[in-house]
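K.L.:
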C-alpha cells in the first residue's frame with residue numbers, strides 16, 4: 026500500500042474514538058458542578074461522596090470477593106480443560122468437552138444468566154441446594170463462563186511450549202502427575218497469571234449474568250452502578266470510573282515494564 | 511510406588527476410574543451440570559405455563575398418586591410467533607449486529623493494518639492501547655458515551671460553542687447511539703484477530719505484485735484482502751454474535767423503542783416475571799444464533815483451506 030496519509034489518519038481517529046469518552050469521564054470526575062458535562066471548577070467532592078457511600082463500598086467488597094474466588098477456581102478448571110484437550114489425544118467425551126468449553130465464549134449473557142438461574146431454582150426444588158441465591162450462585166455462574174476464557178489462554182500456551190521437555194521427563198521415569206507439576210506447570214505459569222487476570226476482570230465487570238443469579242442482599246458493583254446510571258446523571262460514578270481506570274492503567278503499565286525488562290534480559 | 515497408593519489405584523481401577531479419567535471428569539461434570547443441563551431446564555420451562563407462584567410456572571409433569579400427566583404447552587412459542595414485537599426485535603437485532611460489525615471492520619481494518627506494519631516499539635505500544643480499554647469496566651465506558659451524546663453533552667456543547675449548530679442534535683436514546691456504542695465496545699475484538707492475521711502477511715507478496723505492475727488498489731484487492739479473509743471472518747464473528755444478544759448498550763444508549771432481543775428477554779423476565787416466555791425467547795434466540803455461527807464457521811474453514 027502507498028505510504029499515504031490515509032492509514033495513520035484512520036488510526037489516530039480510531040484511537041480518539043476509543044479514548045475520548047474515557048478522558049471526558051476522568052476530566053468531569055473533578056468537576057464541582059452536579060452537571061456531568063458543564064465545567065464548574067475543580068473539586069474532589071465526588072470522591073469524598075464515593076467513599077462515604079456504604080452501598081457502593083459494600084458492593085465493591087462483594088464484587089472483589091466474588092472475582093477473586095471465581096477467578097481462582099476458573100483457573101484450576103480452565104487449566105484442566107486446556108490440558109486434557111491438548112495432551113490427552115482422543116477420548117470418548119472429547120467432542121462434548123470441546124463444545125462445552127468454547128460455547129460460553131459466544132453465548133449471549135442474557136441466555137447464560139437465565140439458564141443458570143432456572144437451574145438454581147430447579148435444583149433448590151429438587152435437592153434443597155443452593156438454598157436461596159446470592160454470592161455463592163454468582164460465583165458458580167462466573168466460574169462457568171470464565172473457565173472458557175482461561176482454557177483458551179492456557180491452550181495457546183500449551184500449543185506454543187516445547188513438548189520434548191515433558192517427554193524427556195517421562196522417559197526418565199517421572200510419573201504423569203510429577204511431570205505436570207514439575208515441568209508443565211512452571212512453563213505455562215505466565216498463561217495461568219494472564220488467565221486469572223482475565224477471569225478476574227470479566228467477573229468484576231459482569232452485570233447481566235450476576236443480575237439473573239443473585240438474590241436479596243448480594244448486589245455487585247456493576248449492579249449498583251447500573252441502577253445509579255439508569256436513574257440519571259451521577260457524578261460519583263465518574264469518580265469511581267476514574268479510580269478503576271487508574272488502577273487498570275497502573276497494572277498494565279507495570280506489566281509492560283516487566284515484559285520489556287524480561288525481553289531485554291533475554292537479549293543480553 | 512507406595513503400597514497405599516497402589517491399593518487406592520487398583521480400587522479406582524476396578525471402578526473403571528483411572529487418574530486420567532478423573533482429570534477429564536472434573537471439568538466435564540462441572541460443564542455438564544452448569545452449562546449443558548441449564549439449557550435443558552430452559553427448554554423445559556419454555557414449555558410450561560406461567561402462574562402466580564414461586565417459582566412462577568406450573569410443573570410439566572403432574573403426579574396425582576395414580577398416574578402421571580404430562581402438560582406440554584406450546585402456547586409460548588405460538589405467542590412469540592403471533593406477536594410481531596418478537597419477530598421485529600429479532601430482525602432488528604440481527605440488522606444492528608450486522609451493520610455494527612461492518613462499521614467495525616471498516617474502521618478496524620486500516621487500524622490493524624497500520625499497527626501490523628509499524629516498527630517494533632510503536633507496534634507493541636499501539637496494540638496495548640487497543641487492548642487497554644477492554645480491561646476497564648464495559649459498563650462505565652457505555653456510561654461515558656451517555657455524557658458524550660446527551661443534549662447538553664460534550665459533543666453538542668462543543669458544536670454549539672463553535673457556532674456550527676444552535677440547537678442541540680438529539681443523539682442519545684436513538685438507534686444511532688446504539689450503533690456507536692456497539693462499534694465502540696467491540697472494536698478491539700475486530701482489531702485483534704485482524705492484527706494477528708495481517709502481521710503474518712508476507713511482504714514479498716506485496717512487492718511481487720507491485721513489481722508486476724499492480725497498482726496499490728489492485729494489490730490490496732487481489733493480494734491483501736484474500737489473504738486476510740480468516741482474520742476478517744474471525745473479527746466479524748466476534749462482533750456480530752455477541753452484539754445480537756446485547757442488553758446494556760440498547761438499554762443505556764437506545765430509546766424506549768430500540769427493542770433488541772436481549773432487552774426483550776430481560777423485560778419478560780424482570781418486568782413481566784413471565785419465566786416461560788423468557789425461556790421461549792432464549793430458545794428461539796439460540797436457534798437464530800446457530801445459523802450465522804455455522805455459516806461463519808464454514809466460511810472460515812474454507813478461507814483457511816485456500817491459504
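Protein chains in written order, with the numbering used here: chain A, 26 to 293; chain B, 511 to 817.
Using N, Cα and C, we set each Cβ at its ideal position, and we do this for glycine too.
Does any residue of chain A have a CB that is nearer than 8 Å to the CB of residue 662 (chain B)?
P.N.:
Taking the first residue of the second chain as 1, we reach residue 662 (chain B) at position 152. Residue 662 (chain B) counts as touching chain A.
K.L.:
For residue 744 (chain B), which of B:614, B:660, B:673 has the nearest alpha-carbon?
P.N.:
Your numbering for residue 744 (chain B) matches position 234 in the second chain. For the residues B:614, B:660, B:673, the minimum Cα distance to residue 744 (chain B) belongs to B:614.
K.L.:
Using 8 Å as the cut-off, can you tell me whether the stretch 644 to 652 of chain B makes contact with the stretch 749 to 767 of chain B, which would need three or more C-beta pairs spanning the two stretches below that distance?
P.N.:
yes
K.L.:
With a threshold of 8 Å between beta-carbons, can residue 230 (chain A) be considered close to chain B, or not?
P.N.:
Sequence index remark: in the first chain, residue 230 (chain A) carries index 205 (1-based). Output row for residue 230 (chain A): interface = yes.
K.L.:
Which chain B residues are close to residue 47 (chain A), counting only those with a beta carbon under 8 Å from its beta carbon?
P.N.:
Numbered from 1 along the first chain, position 22 holds the residue referred to as residue 47 (chain A). Under the 8 Å cutoff, chain B gives 643, 646, 651, 654.
K.L.:
According to DSSP, is residue 205 (chain A) part of a helix, a strand, or is it coil?
P.N.:
As a working mapping, residue 205 (chain A) is identified with position 180 in the first chain. Three-state result, residue 205 (chain A): helix.
K.L.:
Any residues in the stretch 108 to 127 of chain A with a beta carbon nearer than 8 Å to a beta carbon of chain B? Which ones, in chain order?
P.N.:
Only those residues of the stretch 108 to 127 of chain A whose C-beta falls short of 8 Å from the nearest C-beta of chain B are listed: 108, 109, 113, 116, 118, 121, 122, 125, 126.
K.L.:
Would you please verify whether the beta carbon of residue 26 (chain A) is less than 8 Å from any beta carbon of chain B?
P.N.:
Indexing the first chain from 1 puts residue 26 (chain A) at position 1. With a pLDDT of 45 at residue 26 (chain A), under the threshold of 50, the modelled position of this residue cannot be trusted; read the value that follows with caution. Yes - at least one Cβ of chain B is within 8 Å of the one on residue 26 (chain A).
K.L.:
Along the stretch 760 to 776 of chain B, what residues have a CB closer than 7 Å to any CB found in chain A?
P.N.:
762, 772, 775, 776
K.L.:
Runs of 4 residues minimum, wholly inside the stretch 712 to 795 of chain B: which ones carry the alpha helix (DSSP H) assignment?
P.N.:
713 to 721, 726 to 729, 739 to 754, 758 to 763, 771 to 780
K.L.:
For residue 567 (chain B), write down the residues that DSSP places opposite it in a beta bridge.
P.N.:
Start at 1 with the first residue of the second chain, and residue 567 (chain B) comes out as number 57. For residue 567 (chain B), which the question treats as bridged, DSSP gives the partners B:560.
K.L.:
Helix, strand or coil for residue 667 (chain B)? Go by DSSP, reduced to three states.
P.N.:
Locating residue 667 (chain B) in the second chain gives position 157, counting from the first residue. Correct three-state label for residue 667 (chain B): helix.
K.L.:
Could you pull out every unbroken alpha helix (DSSP H) segment of at least 4 residues lying fully inside the stretch 100 to 132 of chain A, listed in chain order?
P.N.:
119 to 131
K.L.:
How about the stretch 740 to 755 of chain B and the stretch 623 to 632 of chain B: do they share at least three Cβ pairs that are nearer than 8 Å?
P.N.:
As far as the Cβ criterion goes, the stretch 740 to 755 of chain B does not touch the stretch 623 to 632 of chain B, which means the pair count is below three.
K.L.:
If we require 4 or more residues per run, which alpha helix (DSSP H) segments fall completely within the stretch 125 to 197 of chain A?
P.N.:
134 to 152, 160 to 185, 189 to 196
K.L.:
Using alpha carbons as the reference points, say which of B:770, B:794, B:789, B:805 lies closest to residue 605 (chain B).
P.N.:
Locating residue 605 (chain B) in the second chain gives position 95, where the first residue counts as 1. It is B:770.
K.L.:
On the three-state DSSP scale, how would you describe residue 246 (chain A)?
P.N.:
For the purposes of this step, residue 246 (chain A) is taken as residue 221 along the first chain, with counting starting at 1. The answer is helix: DSSP assigns residue 246 (chain A) an H, G or I state.
K.L.:
So, are the CB atoms of residue 792 (chain B) and residue 543 (chain B) less than 8 Å apart?
P.N.:
Along the second chain, read from residue 1 onward, the residue named residue 792 (chain B) stands at position 282. Along the second chain, read from residue 1 onward, the residue named residue 543 (chain B) stands at position 33. Judged by their CB atoms, residue 792 (chain B) and residue 543 (chain B) are not nearer to each other than the 8 Å cut-off.
K.L.:
Given this structure, state the Cα-to-Cα distance separating residue 228 (chain A) from residue 92 (chain A), to the nearest angstrom.
P.N.:
Counting from 1 along the first chain, the entry for residue 228 (chain A) is found at position 203. Counting from 1 along the first chain, the entry for residue 92 (chain A) is found at position 67. The straight-line gap from Cα to Cα measures roughly 5 Å.
K.L.:
Which value, in whole angstroms, describes the spacing of the CA atoms of residue 95 (chain A) and residue 165 (chain A)?
P.N.:
Numbered from 1 along the first chain, position 70 holds the residue referred to as residue 95 (chain A). Numbered from 1 along the first chain, position 140 holds the residue referred to as residue 165 (chain A). Distance between the alpha carbons of residue 95 (chain A) and residue 165 (chain A): 7 Å.
K.L.:
Could you check the C-alpha separation between residue 147 (chain A) and residue 562 (chain B) for me, to the nearest Å?
P.N.:
Residue mapping note: residue 147 (chain A) aligns to position 122 of the first chain, counting from 1. Residue mapping note: residue 562 (chain B) aligns to position 52 of the second chain, counting from 1. Computed Cα separation, rounded: 17 Å.
K.L.:
Would residue 656 (chain B) and residue 682 (chain B) qualify as a contact pair, given that the criterion is a beta-carbon distance under 8 Å?
P.N.:
In the second chain, residue 656 (chain B) corresponds to position 146, counting from 1. In the second chain, residue 682 (chain B) corresponds to position 172, counting from 1. A contact, by the Cβ cut-off of 8 Å.
K.L.:
Quick one: list the residues of chain B neighbouring residue 53 (chain A), beta-carbon separation under 9 Å, in chain order.
P.N.:
For the purposes of this step, residue 53 (chain A) is taken as residue 28 along the first chain, with counting starting at 1. Near residue 53 (chain A) (Cβ distances below 9 Å), the residues of chain B are 657, 664.
K.L.:
Is there a Cβ of chain A sitting closer than 8 Å to that of residue 582 (chain B), yes or no?
P.N.:
Translated into positions along the second chain, residue 582 (chain B) becomes position 72. No, no contact with chain A.
K.L.:
Give the interface partners of residue 31 (chain A) over in chain B, defined as CB-CB distance under 8 Å, in chain order.
P.N.:
Here residue 31 (chain A) refers to the residue found at position 6 when the first chain is read from its first residue. Simply 620.
K.L.:
Taking 8 Å as the cut-off, does the stretch 260 to 272 of chain A touch the stretch 56 to 70 of chain A (at least 3 CB pairs, one atom from each stretch)?
P.N.:
yes
K.L.:
Which class does residue 583 (chain B) belong to by DSSP, given the choice of helix, strand or coil?
P.N.:
The residue given as residue 583 (chain B) occupies position 73 in the second chain. DSSP places residue 583 (chain B) in coil when its eight states are reduced to three.
K.L.:
Can you find a C-beta in chain A that's less than 8 Å from the C-beta of residue 680 (chain B)?
P.N.:
Your numbering for residue 680 (chain B) matches position 170 in the second chain. Cβ-Cβ to chain A under 8 Å: no for residue 680 (chain B).
K.L.:
Per DSSP, residue 263 (chain A) is paired with what?
P.N.:
Here residue 263 (chain A) refers to the residue found at position 238 when the first chain is read from its first residue. Answer is none; residue 263 (chain A) lacks a bridge partner.
K.L.:
State yes or no: is the C-beta of residue 175 (chain A) within less than 8 Å of the C-beta of residue 103 (chain A)?
P.N.:
Numbered from its first residue, the first chain carries residue 175 (chain A) at position 150. Numbered from its first residue, the first chain carries residue 103 (chain A) at position 78. Contact: yes.
K.L.:
Determine the contact status of residue 245 (chain A) and residue 84 (chain A), defining contact as a CB-CB distance below 8 Å.
P.N.:
As a working note, residue 245 (chain A) is residue 220 in the first chain. As a working note, residue 84 (chain A) is residue 59 in the first chain. Yes; because the gap between Cβ atoms is below 8 Å, this pair is in contact.
K.L.:
Let me check one thing: in DSSP terms, what residues is residue 56 (chain A) bridge-paired to?
P.N.:
Start at 1 with the first residue of the first chain, and residue 56 (chain A) comes out as number 31. Answer by DSSP bridge pairing, in chain order: A:67.
K.L.:
How would you list, in chain order, the residues of chain A whose beta-carbon sits under 8 Å from the beta-carbon of residue 703 (chain B)?
P.N.:
In the second chain, the residue the question calls residue 703 (chain B) occupies position 193. Within 8 Å Cβ-Cβ: nothing; residue 703 (chain B) doesn't reach chain A, min ~13 Å.
K.L.:
Kindly give me the distance between the Cβ atoms of residue 23 (chain A) and residue 264 (chain A), rounded to whole angstroms, as I take these residues to be in contact under 8 Å.
P.N.:
The question about residue 23 (chain A) has no answer, for chain A in this structure spans 26 to 293.
K.L.:
Which one of B:549, B:711, B:601 has the shortest CA to CA distance from residue 627 (chain B)?
P.N.:
Position 117 of the second chain holds residue 627 (chain B). The shortest C-alpha separation from residue 627 (chain B) is found at B:711.
K.L.:
At the level of alpha carbons, what is the spacing between residue 777 (chain B) and residue 51 (chain A)?
P.N.:
For the purposes of this step, residue 777 (chain B) is identified with residue 267 of the second chain, where counting begins at 1. For the purposes of this step, residue 51 (chain A) is identified with residue 26 of the first chain, where counting begins at 1. Roughly 32 Å separates the two Cα atoms.
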